[in-house]
């Protein structure tokens, strides 16, 4: 388990999440900070806004997945099941920027 991996989680009935804790925390602690994601169904419009990003095949996922970058959750590592993929390098920058915007900018 490491930062930027996508795992299945129990959030809101079971949604993927992205680990955003730093590597030392992931390695040493039982709890990690994650971003909740939602798998997009074909009938769901794809409308990312300033605080969301969309993960897809580039990130190892088979279905487009919307990631909420402005809400952080803390979960037990033991609650994370089934590694789904890993966020691509270019998308990490976008997520990091949106996390800062969502936390500190009006």
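In my numbering, the protein residues as written are -19 to 86. We put the CB at the ideal spot given by N, CA and C, even for glycine.
Next on the checklist: Considering Cα atoms alone, identify which of 66, 15, 21, -8 is closest to residue 47.
Outcome noted: 15
Item to check | Whole-angstrom distance between residue 32 and residue 75, CA atom to CA atom | outcome: 8 Å
Item to check | Cβ-Cβ separation, residue -10 to residue 1 (assumed contact under 8 Å), whole Å | outcome: In fact, because the Cβ distance is near 17 Å, the residues do not count as touching under 8 Å.
Item to check | Per-residue DSSP class, three states only, for residue 6 | outcome: helix
Next on the checklist: I need the straight-line Cα distance from residue 79 to residue 73, nearest angstrom please.
Outcome noted: 10 Å
Next on the checklist: So, at 7 Å on beta carbons, what are the nonlocal neighbours of residue 64 in its own chain, with the 5 sequence-adjacent residues on each side left out?
Outcome noted: -14, -13, -12, -4, 40, 41
Checklist entry - In terms of residues, what are the limits of the beta strand (DSSP E) holding residue 46? => result 45 to 56
Item to check | Cβ distance (whole Å) where residue 57 is taken to contact residue 10 below 8 Å | outcome: 6 Å
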